[in-house]
Each structure stands twice: as C-alpha cells, then as structure tokens.
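Numbering-wise, my numbering puts 673 at position 111 of the sequence shown, and it's gapless, one number per residue. See structure below.
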Amino acid sequence: MPKRQEYVIAWIDLKGQHFEILVKPDEAFKFKEGEKVSISDVLWSDTIYKDVRRGLKASPDAIRKAFGTDDINAIAERILKEGQIQITEEERRRIIEMKRRQIITYIARNAVDPKSGSPIPEQRIENLFEELRIGVDPFKPVEQQALEAIKRLAMVIPIKVARALIEVTIPPEYAGRAVGEVKRLGDVKRTTWLDDGSLKVELEIPAGMQLEVIDKIQGLARGQAQVNVKVSSQ
C-alpha cells in the first residue's frame, strides 16, 4: 500500500452498497471545486474498494449494479461529485478559511445596499459573518453558499444581489488606448464612437464592483471620463 499521506479515500453509499477509491488529495479537491482536472490525474489507483483499510475490493457485479458501468473514470467522477472525500482536521480548517474568503469576496462583488445602490465593504460582511455565526461547508460551491449567506445577512442589513449598468464616455485623446482595456472590465452592451472621436461604452458588471471598475476607467482616462451608473436588483 502507498504511504498514508500520499492519498485520501473518497467514498459513496449507493443502492445499499459502500464504495471507496484512492485519490490524490490536491487534485481531488480541485475536481470537487469544479476545476478542469483529468480523472486520471485524480486517481491514485484504478481499484474500487468495499473497504480500503481492510483491503476488500468491491465485486464487479456490485459495481455494475450500483453505477450501471464498470468504467473506472465514470465511476470515480460520480464518487467525487456525489460522494465524500476524506479530509484531515487541519486541511478542513484551511479549506474552510479559503472558501470563507471566497464567499465574502463574492458577496462584496455581487451584492449592494438596495436602498442606496452602494457596494458593501468586505470588512462589514466579514464582521456580520462572525456576528451571525454563518458557517462554511468545505465542499459546497462558493456561489451556492454566498447566495445562502445573503439570505441570512438580509435579516440584519439591506442587501441584494444586483447588476450595474455603467455608461462611460472617454475623451478622444485617451479613447484609442483605453478601448481594449475598458471592454475587458465587464459585459459590453454597446460601443459607440462619437463624432469628436470620443468613445462611449455601456458595460454591465456585478454591482459590488462598480467602484473598482470606475476607478480603473478613470485611471485610463486620467480622471476625465464621464461615468453614469444604474443599479438593478436581480
């Protein structure tokens, strides 16, 4: 058997049967998070177990009955997506803290105060996470947990997921150099070159990013861009 720290066990209970596989921890967590990782890079071995610690392999009949296939890649993919991955307490804490930061950042970028349309600072959100004791699941997707957390936050502060439509007009002396950069800042809804050589662009972005995006635009236009913002709740 390989050294303990070189693999972890992923498992699933399916149709009354228990199945386990050996996977590389870093690759398995990346796959679980939705990153593009090949199953062959995740698997430590091609063996499907009934009980890894006891060295008991799952029978071919049980495998086919539960999964409808004997393709190890298809089976491993299902175990990783629908099952559980063994994790140490230290690793769990590390992943939870990383995901907590990702969730808070997602909320700060995508949600605003619906009364004012203003973004909510990350520090404010982080403080509320502490006050409300909002937990984090190491395996659930960031977006799913962020939307669930927003429902909790909405009980104590005005907050709503929203999009912002930014209308920008950049003077002719900066328009040519800025056009490419501006288009990368959001979803471009409309681009118009005006008669005087100015550039007018309508961008849609997550509402919480409006200050960051406006700051970048003004940096490109040396503070001379005209900016109008409309915020709409989703």
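Think of the CB as a built atom: it goes at the ideal place given N, C-alpha and C, for glycine as much as any other residue.
* When the Cα atoms are used, what is the spatial distance from Ile-625 to Phe-581? -> Rounded to the nearest whole angstrom, the C-alpha separation of Ile-625 and Phe-581 is 8 Å.
Practice item. Could you give the DSSP three-state label for Lys-745: helix, strand or coil? Key: Here Lys-745 sits in helix by DSSP.
Reducing DSSP to helix, strand and coil, say where Ile-625 ends up. It is helical.
Straight-line gap, Leu-747 to Ile-779 (C-alpha atoms, nearest Å): Ile-779 has its alpha-carbon roughly 9 Å from the corresponding atom of Leu-747.
Q. CA-CA distance, Val-775 and Gln-786?
A. Approximately 15 Å between the Cα atoms of the pair.
Worksheet entry | Per-residue burial, Glu-589 [other beta carbons within 10 Å of its own, 16 or more giving buried] | Buried: at least 16 other Cβ atoms inside 10 Å.
Close-in-space but distant-in-sequence residues of the same chain around Thr-731 (CB under 6 Å, 5 per side omitted): Excluding residues within five positions, the ones whose Cβ falls inside 6 Å are Ser-760, Lys-762 and Gln-788.
Review point. What residue range is occupied by the uninterrupted alpha helix (DSSP H) comprising Phe-511?
Key: Within the shown structure, residues of the chain are numbered from 563 to 796, placing residue 511 beyond reach of any answer.
Return the bridge partner residues of Phe-581 from the DSSP annotation. Phe-581 pairs with Ile-574.
| request: Would you check if the stretch 623–643 and the stretch 606–615 touch, i.e. whether three or more CB-CB distances between them fall below 8 Å? | output: Per the Cβ contact rule, the stretch 606–615 is in contact with the stretch 623–643 (3 or more Cβ pairs under 8 Å).
message = Closer than 8 Å is the cut-off here; do at least three beta carbon pairs connect the stretch 732–751 with the stretch 683–700?
response = The stretch 732–751 vs the stretch 683–700: no contact.
Considering Cα atoms alone, identify which of Ala-716, Tyr-736 and Gln-707 is closest to Pro-676.
Checked all of Ala-716, Tyr-736 and Gln-707; the closest Cα to Pro-676 is Ala-716.
Next on the checklist: Taking the beta carbon of Asn-790 as the centre, do at least 16 other beta carbons fall within 10 Å, making it buried, or is it exposed?
Outcome noted: Exposed.
Quiz item: Does DSSP put Gly-785 in a helix, in a strand, or in coil?
Solution: Three-state DSSP puts Gly-785 in coil, outside helix and strand.
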